Amino acid sequence: VVRKKTTTANSRAPTFTLDQAILTALQQNPDILHARQEIERTKGIYIEFRSEALPRVDATSTFQDTDPRLNRFTGDGGRITGGTGGVSTNGFSFNSGAERDYTVRLQATQVVFAGGRIVSQIRSADFQRDGSYYGFRNAIDLIISTVRQEFYQVLLNRALIGVQQESVHLLESQLQDQQNRFEAGTVPRFNVLQAQVALSNQYPQLISARNAYRISQLQLAKTLGLDFNPNRGDGAPIEAVGELHYAPRSMQLAPAIEIAKRNRPFLKQQKATLLSNAQQVGVARSGYFPQLNATAGYDFRSSPLTDNIRDVRTGYVLGGTGNWAVWDWGETYGRVKQARAVLEESKITYDDAVRQVELEVQQAFANIQQGRELVQSQSKNVEQAAEALRLASARLGAGAGTQLEVLDARVQLTTARSTQLQALFTYNAAVADFDRVTATEVTYSSELDEPATRRRLKTDAVPTPGPKPTPLRLLGRKSAVVRTVRSTDTGK
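Residue numbers (the working numbering): 8 to 499.
The following block contains the structure:
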């Protein structure tokens with residue numbers, strides 16, 4: 008019994024409000040996790056290139072054991088014809104050195120001059136690091152907008168199921184009424200068949216609405232980074248709490264475009280890429296100049312004349328190396344040409360990104376206007392369609408109307424309710440997209456300045472505020488929601 012209760016509790020679908028869904032996505036969504044790792048990767052690139060500007064300390068050691076025959080020479084071409092103790096017949100023998108020798112060196116190397124390559128690499132890596140940070144912010148804005156839209160889609164599909172179910176109930180009542188009238192002999196059998204056909208045609212729409220609702224739940228669960236729970240089987244992966252509502256917002260297009268061009272992380276990421284590519288030109292140009300290195304070390308060397316390992320000499324070693332490609336058949340020139348071409352491409356990409364941001368803001372603004380007009384146009388349409396259905400039913404009951412009028416009024420009511428819900432979804436989804444394209448969804452406690460200035464602003468760390476209120480009004484008591492979430496998490 009205990010095992011059965013535990014399985015039932017674990018199989019219950021987790022309940023999410025919109026804010027809870029957003030916070031879950033920020034912690035578990037793969038795109039967010041990838042963006043975080045990209046920041047770590049660019050940090051590693053910056054550390055790697057910065058290390059070239061600092062002294063490098065290496066410890067090296069060598070040990071050699073040589074065959075005695077390679078160190079012993081007799082002066083007779085290697086032919087020993089007689090004698091003892093390794094002495095040739097002509098009385099001459101020479102030992103070239105110790106059989107075993109070793110060297111231990113501790114050496115520091117510092118790049119003195121590299122034609123600006125190291126400085127340019129460090130700056131380029133710094134811009135790449137900034138770009139990854141802006142990419143992370145862009146991923147946050149995109150995921151929040153996606154979660155909001157998919158959450159609204161779940162609410163829409165759930166509401167559409169209610170519309171289709173109510174339509175089915177109306178048709179079932181109509182069919183029952185016509186059957187009663189047919190049995191009483193007041194209407195022909197044609198009316199009964201017509202009501203049965205209308206009811207049968209309505210069932211596929213209800214089935215499609217339920218399937219769309221389930222698919223939207225699965226898609227939202229995937230965006231939130233939730234894994235499949237085998238205990239729930241084919242049950243719902245999540246339950247969304249809330250309803251679609253209309254909360255009008257006043258906004259102007261021109262200021263919105265200026266805000267987007269000033270705040271969009273996408274544009275700042277493109278600018279950071281542009282500045283990074285500009286530094287790559289300096290990296291390529293450094294091939295025209297020599298590279299000079301200075302070395303300083305301390306050696307421990309064994310004696311080359313004896314095998315006594317304690318016979319060691321120590322001392323410092325100072326030196327320098329230089330390398331200059333005087334003639335490379337255009338290799339450096341080709342690299343510079345490539346780097347400049349990439350820089351020009353990044354400029355073109357940045358200009359196009361600005362136009363893309365302007366387009367996205369205008370599209371979102373147009374979608375908001377469309378949603379607002381749809382909501383306003385459908386505000387009284389549902390009431391009028393419901394009244395028309397009531398009048399048609401009353402006329403049919405009084406014998407002054409036809410069943411076709413009732414069925415047509417029922418179709419109009421279903422269409423009006425579906426259109427109203429779709430209008431609410433269009434408006435709320437457009438608002439979510441508008442907040443993304445204008446970068447007004449999330450306010451960051453501290454942010455990098457424009458890369459062109461390279462001035463860092465130091466601010467005290469404060470908690471990042473939660474997402475701002477959305478047009479979605481949540482339903483249900485807060486205590487009930489919290490109790491459901493806790494029971495789901497603990498499995499009790």
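For each residue, glycine too, the CB sits at the ideal point set by N, CA and C.
Small disclaimer: the values here were computed from a predicted structure and weren't measured.
On the premise that residue j lies in contact with residue i, defined as a C-beta separation below 8 Å, what is that separation, rounded to the nearest angstrom?
| i | j | result |
| --- | --- | --- |
| Y220 | R136 | That belief does not hold up - the Cβ atoms of Y220 and R136 are roughly 44 Å apart, past 8 Å. |
| A285 | V343 | That pair is no contact at about 13 Å. |
| A216 | I168 | 5 Å |
| F441 | I355 | Between I355 and F441 the Cβ distance is about 27 Å, and since that is not below 8 Å, they are no contact. |
| Q209 | S174 | 6 Å |
| G249 | L431 | 12 Å between Cβ atoms; not a contact. |
| A421 | Q385 | The sequence as given places Thr at residue 421; Ala does not occur at that position. Rounded, the Cβ-Cβ distance is 13 Å, inconsistent with contact. |
| L227 | L206 | Actually they are not in contact, since the Cβ atoms of L227 and L206 sit about 32 Å apart, beyond 8 Å. |
| A446 | D148 | 6 Å |
| F372 | A263 | 7 Å |
| Q203 | L182 | 6 Å |
| L403 | E394 | Actually they do not touch by this definition, with Cβ atoms about 15 Å apart. |
Quick one: grab the DSSP three-state call for residue i.
| i | result |
| --- | --- |
| E250 | strand |
| S68 | strand |
| T24 | coil |
| V118 | strand |
| T497 | A caution first: T497 carries a pLDDT of 41, below 50, which makes its placement in the model unreliable, though a value can still be read off. Of the three classes helix, strand and coil, the one that applies to T497 here is helix, per DSSP. |
| Q259 | coil |
| K387 | coil |
| N208 | helix |
| T88 | In this predicted model, T88 has a pLDDT of only 49, less than 50, meaning its place in the structure is not dependable enough to derive any value. |
| F441 | helix |
| T426 | helix |
| G404 | helix |
| D415 | helix |
| E265 | helix |
| I29 | helix |
| L231 | coil |
| T313 | coil |
| R19 | coil |
| T421 | helix |
| E448 | coil |
| P472 | Low confidence applies to P472: its pLDDT is 47, below 50, so where it sits in the model is not reliable enough to give any reading. |
| T433 | helix |
| N238 | helix |
| V199 | helix |
| A487 | Model confidence at A487 stands at a pLDDT of 37, short of 50, so the residue's coordinates are unreliable and nothing is read from them. |
Quick one: give me the first and last residue of the alpha helix (DSSP H) that residue i is part of.
| i | result |
| --- | --- |
| T339 | E338 to S384 |
| Q171 | R124 to A191 |
| R292 | P272 to R292 |
| I245 | Segment: none, I245 is in no alpha helix (DSSP H) and carries neither H nor E. |
| Y295 | Y295 -> no alpha helix (DSSP H), and no H or E assigned at all. |
| L40 | P37 to S58 |
When you compare the CB positions of residue i and residue j, do they come within less than 8 Å of one another, or not?
| i | j | result |
| --- | --- | --- |
| L282 | F134 | yes |
| T321 | Y305 | yes |
| P272 | A20 | no |
| E448 | I151 | yes |
| A115 | P75 | no |
| N300 | V118 | yes |
| D314 | R130 | no |
| G138 | Q298 | no |
| V154 | A32 | yes |
| V349 | Q287 | yes |
| A247 | V170 | no |
| T73 | T110 | no |
| S293 | S127 | yes |
| A28 | I125 | no |
| A399 | A416 | yes |
| E352 | V444 | no |
| A42 | A132 | no |
| Q35 | L225 | no |
| R256 | V438 | yes |
Could you check where the beta strand (DSSP E) with residue i kicks off and where it finishes?
| i | result |
| --- | --- |
| N330 | V319 to N330 |
Sort out for me which residues DSSP pairs residue i with in a bridge.
| i | result |
| --- | --- |
| A301 | Q117 and G327 |
| R63 | T116 |
| T110 | T69 and R308 |
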